[in-house]
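In the numbering used here, the protein residues as written are 19 to 340.
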């Protein structure tokens, strides 16, 4: 490719990171950082003048910016571009940071929520707010339990790695069950996963959105889950039927659930899950990077810089969204 290109950076990289991006783009490149552009017309003008975009502009704006040849996302999910009913610029390449950037942090979130639910910590927080010194009931120990993890990539593998430290047997759900995946004792396909639901003490969803996964955990499958099991969703809200979950939790079938994603997002005011004592809800924060995790920011910057070097050299990019 050419050094004489315009790289539009829409994410809030720190100054040191932006310097690295400029160095990777080359002396002849024009690297422009613009964050918090709320005016769509102004953003469209910026997009029309760009060859490369680092960030996640609205798909309908990309449709009107034919000069863009490569979109580097700073997140793992790309479904808004793959499913959106617009025509993206011809030949547009899309890359993301899936597979390396978020597993460490998101797995810690998952483990934290599992421990909170199994050790009755939400109940004790409520007791404390009322000045009550009282027992919240039996706990659930993880030793010797079984976890079913939907997604055996970066996030799922890190989750399995952390859970194995508690002697949890981890079953991974993925497309390719023949590839070696550390810390999983067994791999199954999505079609086979239903048979595992009744045996799992912990169920974790790390999967992105797809036609196969949307609506997977419906009322029927929620009721197939082991009584007293714990459910964590950090993948996509569309994986789970929140109305059905409210019914199942209210009946006491599950010990608890933690949702960092939901459908719709955010949940409407007055939804039963907001006041369900067995449910923990966070506002899609488990995979935050900019302003939240410096380590994740650096990994994202590494990927952006490597891809800029490859783009300049005319080499194949990494983390291509196909």
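Positions of the beta carbon are idealized from the N, C-alpha and C atoms, including for glycine.
No experiment lies behind these values; they were computed from the predicted model shown.
- 127 is the residue among 200, 26, 320 and 127 whose C-alpha sits nearest the C-alpha of residue 222.
- Around the Cβ of residue 261, a 10 Å sphere holds fewer than 16 other Cβ atoms; the residue is exposed.
- For residue 70, the closest C-alpha among the options 84, 249, 246 and 137 is that of 84.
- For residue 162, the closest of 273, 310 and 188 by C-alpha to C-alpha distance is 188.
- Restricted to the segment 75-106, the beta strand (DSSP E) segments that are unbroken, complete and at least 3 residues in length are 88-90, listed in chain order.
- When the beta-carbon positions are compared, residue 170 and residue 190 come within less than 8 Å of each other.
- Residue 51 is not a Cβ neighbour of residue 64, given a cutoff of 8 Å.
- Note on residue 338: under 16 other CB atoms within 10 angstroms of its CB, so exposed under the neighbour-count rule.
- As a beta-bridge residue in DSSP terms, residue 168 pairs with 191 and 223.
- Nearest to residue 81 by alpha-carbon distance, out of 308, 90 and 103, is 103.
- In the three-state DSSP reduction, residue 114 falls in the coil class, being neither helix nor strand.
- Rounded to the nearest whole angstrom, the CA to CA distance from residue 123 to residue 180 is 11 Å.
- Taking 8 Å as the cut-off, the Cβ atoms of residue 129 and residue 276 do not count as close.
- For residue 323, the secondary structure class from DSSP, reduced to helix, strand or coil, is helix.
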